[in-house]
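All remarks here apply to the structure that follows.
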């Protein structure tokens, strides 16, 4: 006979606390702390990148990302929670360590947990050079 443990639904307060910790870890570029909250078989769909599978692949992506992004700042806003899934919006900014150019971004994420660890991370993400959002946008011509 198999037994299944039912996890309690996340609350708004749980998610707001998770977002605060995520902000802290991402702004520090603390990849070890970030991936410590990921399931070994995590699946990540991030912006226009190919789907990433597994903690090792996601860790490589994050280390490469933070090697390039300097002074990363992010503000995450709670949107919704249902069971073990939640969503947030975010705005971010950083300086590219290679070119010195400053960038800004806006996006939304949905995150699904299993056993308290992040199992699925979907992120839609728009990036532009600081001060050039309208000029860089397809929709800027309307």
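Residue numbers (the numbering used here): 98 to 239.
Using N, Cα and C, we set each Cβ at its ideal position, and we do this for glycine too.
Values in this document were obtained by computation on a predicted structure and should not be read as measured data.
- Residue 155 is positioned such that its CB atom lies closer than 8 angstroms to that of residue 135.
- Burial state of residue 183 is buried, judged by a 10 Å Cβ sphere holding 16 or more other Cβ atoms.
- Apart from the 5 residues on each side of it in sequence, residue 219 sits with its Cβ closer than 7 angstroms to the Cβ of 142, 206, 207 in its chain, given in chain order.
- According to the DSSP assignment, residue 116 belongs to the alpha helix (DSSP H) that extends over 109-125.
- Judged by DSSP in its simplified three-state form, residue 230 adopts helix.
- The Cβ-Cβ distance between residue 186 and residue 227 does not fall below 8 angstroms.
- Under the three-state reduction of DSSP output, residue 151 falls in the coil class, being neither helix nor strand.
- Ranking 201, 235, 229, 181 by CA distance to the CA of residue 216 puts 181 first.
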